[in-house]
Amino acid sequence: MTRRLRVAGVDEAGRGPLAGPVVVAAVILHPKRPIDGLDDSKKLTGKRREALYPQIVERALAWRVEFVDVDEIDRINIYQATMVGMARAVQALAPAAERVLVDGNRLPRGLPCPARAIVGGDALEQSIMAASILAKVARDRAMVALHEHWPDYGFDQHKGYSAPLHLAALLAHGPCVHHRRSFAPVARLLTPQAEPPATADLFADALPA
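Residue numbers (my numbering): 431 to 639.
Quick look at the structure:
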């Protein structure tokens, strides 16, 4: 009987927010330990994601969650930071992946085996679904933890995205060390100007999805 290849699904959470890390997960599911209820993390409630997280960790053949911090995001840009995080996550898997499926339309460099990018893969491939759940839960937990130290920004509610509450807090308090200074709404607040921008102006620049 032909042995099944070890296939790793890869996905990220947090490309678009103004604050916090981008988080990447890679998961190789165990063929004999199925997990019921896997789906694109965006389609699941927070409670359901939290329930699935320990099941994935316990039953997967291998998994890895990789954080890429704000300093690295600002240094190499969010796209490159995401690609670097994906490569690191896959490289850290043990046992190693023999094939990689990445959600999206681009593949990172430095993968140790053949790979394929799948647009909408988090709704099609179970290994990518599992990775999307690990990445989302890990990032949400990290942002709640940041809220304990930086309560003025409401990180526990909006998780760093450009919600009105977050933008208002940025105007009131300025950026903290966990804000991405390479993102236009944050950079604009760091540039000396005659008058502070209106909250609506902070929405002006499109952010990475």
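Cβ coordinates follow ideal geometry from the N, Cα and C atoms, glycine included.
key: Outcome for R505 when other beta-carbon atoms lying within 10 angstroms are tallied against a minimum of 16   = exposed
message = With H, G and I counted as helix, E and B as strand and the rest as coil, what does DSSP make of P626?
response = With a pLDDT of 49 at P626, under the threshold of 50, the predicted position of this residue should be treated as unreliable, though the coordinate-derived value follows. Note: P626 maps to coil in three-state DSSP.
query = Does DSSP classify I465 as helix, strand or coil?
reply = coil
For V574, the first and last residue of its enclosing alpha helix (DSSP H) = Q556 to H579
key: Test item: CB-CB of L459 and F613 under 8 Å   = no
task = Check whether the Cβ of L576 lies closer than 7 Å to any heavy atom of the ligand NAP, and answer yes or no.
result = This structure lacks the ligand NAP, and indeed carries no ligand of any kind.
task = Could you say which of G446, Q510, A553 and R571 lies nearest to G540 if we only look at CA atoms?
result = Q510
inquiry  = Quick check on this structure: which residue in K472, G467 and D466 has the alpha carbon closest to the alpha carbon of Q567?
reply    = Residue identity differs from the one stated: residue 567 is Val in this sequence, not Gln. Per the Cα distances, K472.
query = On the three-state DSSP scale, how would you describe D480?
reply = As written in the sequence, residue 480 is Glu, which differs from the Asp given in the question. Three-state result, E480: helix.
key: Own chain residues within Cβ distance below 6 Å of G534, not counting five before or after   = A547
key: Beta-bridge pairing of V616 - partner residues as DSSP gives them   = Its beta-bridge partners do not exist; DSSP assigns none.
message = Assess contact between the segment 483-499 and the segment 440-454, defined as three or more Cβ pairs (one per stretch) separated by less than 8 Å. Is contact present?
response = yes
task = Mind reading off the beta-carbon distance from D441 to A455? Whole number of angstroms is fine, and I expect it under 8 Å.
result = 6 Å
task = Round the Cβ separation of R529 and L435 to the nearest angstrom and send it over; I've been treating them as touching at under 8 Å.
result = 5 Å
ask   = Secondary structure at E502, three-state DSSP: helix, strand or coil?
value = helix
task = Identify whether E442 lies in helix, strand or coil by the three-state DSSP scheme.
result = strand
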